[in-house]
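Heads up, the thing below is written out as structure tokens.
Put into structure tokens, the structure is as follows:
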């Protein structure tokens, strides 16, 4: 009975992890689409030299912020996954034979 409960808990954790990974992938895909759209817009628009430099700087800052956010999310998901694995290992019976 205890083993069944542990299996159910582990399955639930795995499902949650898969959902989080799927959400992360979806967010990443959306960000990539946004970046592609922004790049297309940049190609289509013609900037004045003065305005173009400022606009390019803003775009560059946005890209850096997105990269930082992605790295933060990746690190967070890795930490969550590691914590869950630790919790699972603590709950598993130790077979010393």
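Numbering (full-length UniProt numbering), first residue to last: 1 to 97.
Cβ atoms here follow ideal geometry from the backbone N, Cα and C, with glycine treated the same way.
Span of the alpha helix (DSSP H), counted from its first residue to its last, around residue i
{"i": "residue 16", "result": "2-44"}
Closest residue to residue i among the options (Cα-Cα distance)
{"i": "residue 81", "options": "70, 18, 56", "result": "18"}
{"i": "residue 60", "options": "35, 74, 84", "result": "35"}
{"i": "residue 39", "options": "28, 27, 56", "result": "56"}
{"i": "residue 20", "options": "8, 75, 58, 89", "result": "75"}
{"i": "residue 67", "options": "1, 86, 9, 28", "result": "28"}
Cut-off 8 Å between Cβ atoms - residues of its own chain near residue i, not counting five sequence neighbours on either side
{"i": "residue 32", "result": "none"}
{"i": "residue 11", "result": "none"}
Contacting residues, own chain, Cβ-Cβ under 7 Å from residue i (five flanking each side not counted)
{"i": "residue 64", "result": "none"}
{"i": "residue 106", "result": "This structure gives no information on residue 106, because the portion of the chain shown stretches from 1 to 97."}
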